[in-house]
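Residue numbers (my numbering): 5 to 167.
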């Protein structure tokens with residue numbers, strides 16, 4: 005009985021030892037402070053540290069403001085690939101987003117990578133928001149007029165604060 009259990013344990017350990025294994029150069033990318041409208045694309049390097057091909061089946065962001073791109077090609081043992089993550093830098097303020105990476109790694113079929121940072125907006129962008137609100141004023145004049153006034157007031161406060 006002990007020999008059977010030892011044989012099963014040895015077989016199971018060989019299966020896990022000879023598999024595809026996902027690893028990342030880093031699991032969090034800190035954008036730091038970026039200007040609104042700046043390039044929001046960053047790259048994570050994925051490495052297959054196992055001895056079988058690694059397949060990334062899906063990469064899913066936590067919201068629509070983050071867009072991941074990756075190759076569907078298998079990552080051969082010892083080789084690397086990149087996951088390109090884009091963040092919409094027109095959204096002003098701090099952000100922290102997670103990106104889920106699904107692969108055929110038996111131990112880590114779901115891995116999580118993160119992006120974080122702060123998008124800094126200037127006073128020059130506030131009028132654009134107010135103008136966008138004016139376009140909506142055609143559809144809902146009363147509500148939009150109040151929103152435009154609020155946006156302009158906010159833009160003035162932001163411009164005053166920035167100077």
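We put the CB at the ideal spot given by N, CA and C, even for glycine.
Cα-Cα separation between residue i and residue j, rounded to whole angstroms
i           : j           : result
residue 57  : residue 76  : 12 Å
residue 104 : residue 83  : 21 Å
residue 41  : residue 94  : 5 Å
residue 78  : residue 59  : 5 Å
residue 123 : residue 44  : 10 Å
residue 109 : residue 28  : 13 Å
residue 120 : residue 32  : 8 Å
residue 118 : residue 102 : 4 Å
residue 96  : residue 85  : 31 Å
Helix, strand or coil at residue i according to DSSP, with G and I counted as helix
i           : result
residue 118 : strand
residue 17  : Confidence at residue 17 is low in this model, with a pLDDT of 49, below 50, so the placement of that residue should be treated as unreliable; the coordinate-derived value is given next. Residue 17: helix per DSSP, three-state reduction.
residue 111 : coil
residue 90  : strand
Start and end residues, beta strand (DSSP E) containing residue i
i          : result
residue 96 : Residue 96 -> no beta strand (DSSP E), and no H or E assigned at all.
residue 36 : 32–39
residue 65 : 60–65
residue 52 : 45–52
residue 27 : 26–28
residue 72 : 70–74
According to DSSP, residues forming a beta bridge with residue i
i           : result
residue 101 : 119
residue 85  : 50
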